[in-house]
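Peer 1: Numbering (the numbering used here), first residue to last: 25 to 239. So that we are looking at the same thing, I have put the structure below in structure tokens.
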């Protein structure tokens, strides 16, 4: 039997923590292994946890007491660069969502999505290496770079193809199937895309790619 993917939740609202836990309990592929009300609690737990035992995903509320989810994500991703963070937000607010994506989150989901399969799909895509964000947020990210000079295309043909699939919501496994590439090769191409475009998140890479005409 495949081992369930470990999820940590950082959320100060008891009602949402309870609904999140109930949702996860219905899914065999995920397991909620820890929940925290603040980033400070998470930080303390991380220090006591060996790196090999860190979760597959941290679901992070944007608005937390004490250090905000945005500040927390920035600090967490700097300390643990391989840790994947999915932001949780009350509403599809481009400003706060862009801020947490810029801080290092791989995507976001609106909390109301717990009433459907959207949260499960978002967690799955994030763990698989996808970038979960809405077209509205992608446009907002794009506007952040409108004042910058156009970029020359530094990508190889294959890197451009991978970025195009990412812009369509593709995950690493999905991109690999579409382009007949291994997951490892897709991962390598994505790292090269991020480095060449000076991007920290999938949203930022896609926005820069659209603006420059690369995709």
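Even glycine gets a Cβ: it sits at the ideal position worked out from N, Cα and C.
According to DSSP, simplified to helix, strand and coil, what is residue 193?
Peer 2: The residue you call residue 193 lines up with position 169 of the chain shown. In the structure shown, residue 193 sits in coil (DSSP, three-state: anything other than H, G, I, E or B).
Peer 1: Below 8 Å between beta carbons: does that hold for residue 124 and residue 151?
Peer 2: Walking along the chain shown from the start, residue 124 turns up at place 100. Walking along the chain shown from the start, residue 151 turns up at place 127. Their beta carbons are not under 8 Å apart, which means residue 124 does not touch residue 151 by this criterion.
Peer 1: Just to confirm, is the Cβ distance from residue 112 to residue 135 under 8 Å?
Peer 2: For this step, residue 112 is matched to residue 88 along the chain shown. For this step, residue 135 is matched to residue 111 along the chain shown. Yes. Within cutoff.
Peer 1: Who are the Cβ neighbours of residue 41 in its own chain at under 6 Å, not counting the five residues just before and after it?
Peer 2: Locating residue 41 in the chain shown gives position 17, where the first residue counts as 1. 35, 59.
Peer 1: Roughly how many whole angstroms lie between the Cα atoms of residue 138 and residue 39?
Peer 2: Along the chain shown, read from residue 1 onward, the residue named residue 138 stands at position 114. Along the chain shown, read from residue 1 onward, the residue named residue 39 stands at position 15. Summary for residue 138: the model assigns pLDDT 47, below 50, so the residue's position carries little reliability, and this model does not support an answer.
Peer 1: Per DSSP, what kind of secondary structure is residue 62 in: helix, strand or coil?
Peer 2: Along the chain shown, read from residue 1 onward, the residue named residue 62 stands at position 38. Coil at residue 62, not helix or strand.
Peer 1: How far does the beta strand (DSSP E) with residue 230 in it reach, from first residue to last?
Peer 2: What you label residue 230 is simply residue 206 of the chain shown in a count that begins at 1. Taken as a continuous stretch (DSSP letters only), residue 230 belongs to no beta strand (DSSP E), being part of the alpha helix (DSSP H) at 226-236.
Peer 1: For the alpha helix (DSSP H) containing residue 94, name the first residue and the last one.
Peer 2: Here residue 94 is taken as the residue at index 70 of the chain shown, counted from 1. Its alpha helix (DSSP H) spans residues 93-103.
Peer 1: Assign residue 96 to one of two classes, buried (16 or more other C-beta atoms within 10 Å of its C-beta) or exposed (fewer than that).
Peer 2: As a first step, residue 96 must be located in the chain shown, where it is residue number 72. Flag for residue 96 reads buried.
Peer 1: How would you label residue 233, buried or exposed, when you count the other beta carbons within 10 angstroms and need 16 or more for buried?
Peer 2: For the purposes of this step, residue 233 is taken as the residue at position 209 of the chain shown. It counts as buried.
Peer 1: Please tell me whether residue 63 has its Cβ less than 8 Å away from any Cβ of chain D.
Peer 2: Included in the structure is just one protein chain, with no chain D present.
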